[in-house]
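*Asks:* The structure that follows is given in the form of C-alpha cells.
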Amino acid sequence: MSGFKTIKKQPTQPKSQPQYEVADVLNKLGSKLEDLGLNSWQLRTLFALKKCRTSALGGHIDACDECGNISISYNSCRNRHCPKCQGRNREDWIQTRETELLPVPYFTHFLLFVLIVFVIRFA
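The UniProt record's numbering applies: residue 1 is where the sequence shown begins, and numbers increase by one.
See the structure below:
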C-alpha cells in the first residue's frame, strides 16, 4: 500500500539518574509536609511519591534465566503524578507526537512569551 510508511521505534538509551528526585525533596521536608495546609488527596499523593520504589511498598526478586544474575526490584506507587512511574509513558507520548510534527520550524517559545506579555498587559 503506497502512502503508508512504517515507523521503526528507536531503541531507548538508558538515562542517567537525576541528581535529585522528588522523593529526596519530600524526605527532606519530613513532617513539614503535613503543615503545608494540603488536603488529604494531595498528602496521599505526596506520600505515594515519597514511598515509590522503596522497601515501604515491598518488592520482588528478578532472576536471569541465562546468567543467573539476581536483582531486587522495589514496587512502584503507580500514581499518575509520579515521575518515576509515568516517565516511560511520557517518553512514549513525546516520541509519538514528534512523528506527527510537520517538517517545518516551530516557534513555540516565542509564541508563549508573546501570550504571557499580552495577558500581563491586559489583566
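Heads up, the beta-carbon is just placed ideally off N, CA and C, and yes, glycines get one too. Bear in mind the structure is a predicted one, so any value in this text is a computation, not a measurement.
On the three-state DSSP scale, how would you describe residue 16?
*Replies:* Taking the sequence shown and counting its residues from 1, one reaches residue 16 at position 16. Residue state, collapsed to three classes: coil.
*Asks:* List the endpoints of the continuous alpha helix (DSSP H) containing residue 87.
*Replies:* If you number the sequence shown from 1, residue 87 lands on position 87. Start and end: 83–100.
*Asks:* Applying the criterion that 16 or more other CB atoms from any shown protein chain within 10 Å of the CB defines a buried residue, is residue 64 buried or exposed?
*Replies:* Position 64 of the sequence shown holds residue 64. That one is exposed.
*Asks:* Evaluate contact between the stretch 24–36 and the stretch 44–58, counting only Cβ atoms and requiring at least three cross-stretch pairs below 8 Å.
*Replies:* yes
*Asks:* Under 7 Å, do residue 59 and residue 75 count as touching if we go by C-beta distance?
*Replies:* Taking the first residue of the sequence shown as 1, we reach residue 59 at position 59. Taking the first residue of the sequence shown as 1, we reach residue 75 at position 75. Yes, these two residues count as a Cβ contact at 7 Å.
*Asks:* Do you know how far the Cα of residue 89 is from the Cα of residue 99?
*Replies:* Here residue 99 refers to the residue found at position 99 of the sequence shown. Here residue 89 refers to the residue found at position 89 of the sequence shown. Using only the alpha carbons, I get a separation of about 16 Å.
*Asks:* Taking the straight line between their C-alpha atoms, what separation do you get for residue 104 and residue 93?
*Replies:* Locating residue 104 in the sequence shown gives position 104, where the first residue counts as 1. Locating residue 93 in the sequence shown gives position 93, where the first residue counts as 1. For residue 104 and residue 93, the distance between alpha carbons rounds to 20 Å.
*Asks:* For residue 52, is the classification buried or exposed, using 16 other Cβ atoms within 10 angstroms of its Cβ as the cut-off for buried?
*Replies:* Start at 1 with the first residue of the sequence shown, and residue 52 comes out as number 52. Classification of residue 52: buried, given that the 10 Å Cβ count is 16 or more.
*Asks:* Note down the Cα distance separating residue 18 from residue 50, rounded to an integer number of angstroms.
*Replies:* Here the question's residue 18 lines up with position 18 in the sequence shown. Here the question's residue 50 lines up with position 50 in the sequence shown. Residue 18 and residue 50: Cα-Cα distance of roughly 16 Å.
*Asks:* Which residues in the same chain as residue 78 place their Cβ atom closer than 6 Å to its Cβ, once the five residues preceding and following it in sequence are excluded?
*Replies:* Locating residue 78 in the sequence shown gives position 78, counting from the first residue. Hits under 6 Å: 85.
*Asks:* Taking DSSP as the reference, what is the three-state secondary structure of residue 35?
*Replies:* Against the sequence shown, residue 35 aligns to sequence position 35. It is helical.
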